[in-house]
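**Q** Have a look at the structure that comes next, please.
Protein chains: 2
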Amino acid sequence: MSALSNSECPVCRTAEVVCGKWTLLLIRDLAAGSSRFCELERSLEGISPRTLSLRLRALEEEGILERHTYPEVPPRVEYALTVKGEALVPLIDDMRRYGTRWLLADELEPAAI
Amino acid sequence: MSALSNSECPVCRTAEVVCGKWTLLLIRDLAAGSSRFCELERSLEGISPRTLSLRLRALEEEGILERHTYPEVPPRVEYALTVKGEALVPLIDDMRRYGTRWLLADELEPAAI
DNA sequence: CGCCATTGCTTCAGTTAGTGAAGCAATGTG
DNA sequence: CACATTGCTTCACTAACTGAAGCAATGGCG
Numbered sequence: 029m030s031a032l033s034n035s036e037c038p039v040c041r042t043a044e045v046v047c048g049k050w051t052l053l054l055i056r057d058l059a060a061g062s063s064r065f066c067e068l069e070r071s072l073e074g075i076s077p078r079t080l081s082l083r084l085r086a087l088e089e090e091g092i093l094e095r096h097t098y099p100e101v102p103p104r105v106e107y108a109l110t111v112k113g114e115a116l117v118p119l120i121d122d123m124r125r126y127g128t129r130w131l132l133a134d135e136l137e138p139a140a141i
Numbered sequence: 029m030s031a032l033s034n035s036e037c038p039v040c041r042t043a044e045v046v047c048g049k050w051t052l053l054l055i056r057d058l059a060a061g062s063s064r065f066c067e068l069e070r071s072l073e074g075i076s077p078r079t080l081s082l083r084l085r086a087l088e089e090e091g092i093l094e095r096h097t098y099p100e101v102p103p104r105v106e107y108a109l110t111v112k113g114e115a116l117v118p119l120i121d122d123m124r125r126y127g128t129r130w131l132l133a134d135e136l137e138p139a140a141i
């Protein structure tokens, strides 16, 4: 009866890409100009390097970011959003709007609901 | 979960609310008119009742949905988005747009050639 | 009467995702 | 020579989620 099974549902498909714990914050940081592993690690305070590594690899496989390695010492690896990755930025903008209106406003004006 | 470093970051705050595996799909279904436990369970194909129960409870505590119990047999419980919950719908619309453009187009293209 | 179906869960044991601390290669600096 | 640096990996641990089963309470069927 449903018009779309879950695997054909665009919301489901996007949720699969995006629902990892740090994914959206990682994309936010890449969109804001961060590009290196240690830079992301510092910005996403609390992430374990293992998780960051796994996320970066998964997002690379999904074509959301690109990885450029420079054979220097110490090694340098730069990550950048692809067009497909940049297309997620409006989603992050929505999250920023939502957080500002509904999650931070509570603290600033507790009486106003 | 430990607090994110920048607890004032609206994107982080929204990510905390939204990053559970089924959260966004659950909100999508509530926005689309589903309201009962078994209805949601059927729509979210693959979710365990335990996870659904936990998610519903967490979202209720966060003020994103409301729970109405009717003392009938078999029991009836209806869930509905609050205003704070409905404010997440634009996010889901963005996900639908993204999924349609970037995740389903891949599958349609080979047939379209 | 006895049996089954129904709803909205809970309980249990098991798997997967994420954590936190440590370590490693390779080299330039003090 | 010790030390710092980058971009990771490995390990043991915990939190999150799964899948199957079960429960209370009652109405319908035979």
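As given, the protein sequences belong to chains A and B, one line each in that order.
Residue numbers for the first sequence, in the working numbering: 29 to 141.
Residue numbers for the second sequence, in the working numbering: 29 to 141.
Every residue gets a Cβ at the ideal spot worked out from N, C-alpha and C, and that includes glycine.
Please state whether DSSP places Glu73/A in a helix, a strand or coil.
**A** coil
**Q** If you draw a straight line from the alpha carbon of Asp122/A to that of Phe65/A, how long is it in whole angstroms?
**A** Looking at the two C-alpha atoms, the distance is approximately 26 Å.
**Q** Using DSSP bridges, identify the partner residues of Ala108/A.
**A** Glu94/A
**Q** When you compare the CB of Gly48/A with every CB in chain B, is at least one pair closer than 9 Å?
**A** yes
**Q** Looking at Thr51/B: is its Cβ nearer than 9 Å to the Cβ of Gly127/A?
**A** For Thr51/B and Gly127/A, no; Cβs fall outside 9 Å.
**Q** Within its chain, find whatever has a CB closer than 7 Å to the CB of Thr79/B; leave out the 5 residues flanking it on each side and keep chain order.
**A** Trp50
**Q** Excluding the five sequence neighbours on either side, which residues of its own chain have a C-beta within less than 6 Å of the C-beta of Tyr98/B, listed in chain order?
**A** Its chain contains Arg104 as the residues whose beta carbon lies nearer than 6 Å to that of Tyr98/B, once the 5 sequence neighbours on both sides are disregarded; these appear in chain order.
**Q** I'd like to know whether the C-beta atoms of Leu109/A and Ile75/A end up nearer to each other than 9 Å.
**A** No; because the gap between Cβ atoms is not below 9 Å, this pair is not in contact.
**Q** I'd like the list of long-range same chain contacts for Leu11/A, defined as Cβ closer than 8 Å, with 5 residues on each side in sequence excluded.
**A** It is not possible to answer for residue 11/A, since the shown part of chain A is limited to 29 through 141.
**Q** Name the residue from Arg95/A, Glu89/A, Glu69/A and Ala59/A whose alpha carbon lies nearest to the alpha carbon of Val117/A.
**A** Ala59/A
**Q** Express the C-alpha separation of Glu89/B and Leu82/B in angstroms, rounding to a whole number.
**A** 11 Å
**Q** Hey, Glu106/B and Ser71/B are a contact pair by Cβ (cut 8 Å); roughly how many whole angstroms apart?
**A** A Cβ-Cβ separation of about 15 Å leaves Glu106/B out of contact with Ser71/B under the 8 Å criterion.
**Q** Using the Cα positions of His96/B and Glu73/B, report the straight-line distance between them to the nearest angstrom.
**A** 24 Å
**Q** Please list, in chain order, all residues of the same chain as Ile120/B whose beta carbon is under 8 Å from its beta carbon, the five residues on each side excluded.
**A** Counting only Cβ-Cβ distances below 8 Å, and skipping sequence neighbours, we find Leu52, Ile55, Arg56 and Ala59.
**Q** When burial is assigned at 16 or more other CB atoms within 10 Å of the CB, is Gly113/B buried or exposed?
**A** buried
**Q** Report yes if the CB atom of Leu84/B is closer than 9 Å to the CB atom of Leu68/B, and no otherwise.
**A** Contact flag set, yes.
**Q** Closest Cβ-Cβ distance between Glu69/B and chain A: below 9 Å?
**A** So no, Glu69/B is outside the interface.
**Q** Taking the alpha helix (DSSP H) that Thr128/B belongs to, which residues open and close that run?
**A** Neither: Thr128/B is in no alpha helix (DSSP H) and is coded neither H nor E.
**Q** At the level of alpha carbons, what is the spacing between Pro38/B and Gly48/A?
**A** A straight line joining the alpha-carbon of Pro38/B with that of Gly48/A spans about 18 Å.
**Q** What does Gly61/B touch in chain A if you count any residue whose Cβ is under 8 Å from its own?
**A** Those do not exist, as Gly61/B stays about 12 Å from chain A at its closest Cβ, beyond 8 Å.
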